[in-house]
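Notes for the one structure printed next.
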Amino acid sequence: MTTTARRAVCPGSFDPVTCGHLDVISRAASLYDEVVVAVLHNPAKQGTFPVEQRIAFIEDALADLPEDPARGSIRVEPFAGKLLVDVCRDLDAPVVVKGLRGSTDFAYESPMAHMNRHLTGLETLFLPGDPSFEHISSSLVKEVARYGGDVTGLVPDPVRDALVALRAG
Ligand code: PNS
């Protein structure tokens with residue numbers, strides 16, 4: 069008997085990954101056999117960290133997740149110059165999983181979800197963000213760190229250290 073892996077994509081710019089992202093990725097992996105974390109370029113945002121470093125941050129943080137046999141596999145891949153719907157088609161993934169912190173996120177995510185469904189039928193599954201991570205976003209964390217604020221616990225420690233180093237450099 070052949071079985072088909074249930075595969076989902078967690079897309080984002082992850083510049084850098086936050087504890088909120090990691091929560092959504094790990095919860096997505098509890099729902100699917102395989103999760104591909106797709107690190108994509110967002111044309112609306114100027115990058116802070118190179119894509120290779122963003123991926124390394126995510127992979128390091130995932131390696132620190134507590135063991136959970138019920139969790140599907142997770143891998144991280146970069147994608148450039150492609151629509152998310154084409155990435156998902158190439159990966160044979162019928163769904164993307166995204167976290168929603170509140171109504172502002174919904175207003176931002178909803179048109180993309182509708183557009184992706186219009187283009188190829190790609191579905192979007194929204195997970196409610198854990199309330200303890202509701203105030204965390206990559207951009208806010210970067211702003212706080214830029215002015216010397218402590219972002220410990222909001223991002224993995226290596227990300228915090230890299231943000232501190234950016235400020236010093
Ligand atoms: O973490 P972000 O920056 O909110 O992620 C947005 C991202 C990268 C998922 C979105 O910009 C995207 O899907 N980019 C790939 C290009 C694409 O498909 N654009 C049309 C979206 S409807």
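So the sequence shown is numbered by the working numbering: it starts at 69 and just counts up by one. Built from N, CA and C at the ideal position, the CB exists for glycine as well.
Which residue's Cα is closest to the Cα of Ile93: Glu102, Cys78, Glu135?
Cys78
Bridge partners for Leu99 per DSSP, in chain order?
Per DSSP, none; premise fails for Leu99.
Straight-line Cα distance separating Val165 from Leu193
Rounded to whole angstroms, Leu193 to Val165 spans 5 angstroms at the Cα level.
For Pro224 and Cys87, what's the separation of their Cα atoms in angstroms?
7 angstroms
Tell me whether His203 is buried or exposed, calling it buried when 16 or more other Cβ atoms sit within 10 Å of its Cβ.
Label assigned to His203: exposed.
Using the three-state DSSP reduction, which class does Glu145 fall into: helix, strand or coil?
strand
Is Gly170 close to the ligand PNS? I mean its beta-carbon at under 7 angstroms from any heavy atom of the ligand.
no
Taking the alpha-carbon positions, what's the Ala233 to Gly189 distance?
43 angstroms
Could you give the uninterrupted runs of the alpha helix (DSSP H) lying entirely in the stretch 161-207, keeping only those of 4 residues or more?
171-188
Closest by CA to Ser206, which one among Arg95, His182, Gly115?
Gly115
Could you check if Lys113 belongs to the surroundings of the ligand FAD, using beta carbon to heavy atom distance under 7 angstroms?
The ligand FAD is absent from the structure shown, which contains only the ligand PNS.
Going by DSSP, what residue range makes up the beta strand (DSSP E) through Pro79?
75-80
Can you confirm whether Pro162, when its beta carbon is compared against all beta carbons of chain D, has any partner nearer than 8 angstroms?
No chain D is present in this structure, which holds just one protein chain.
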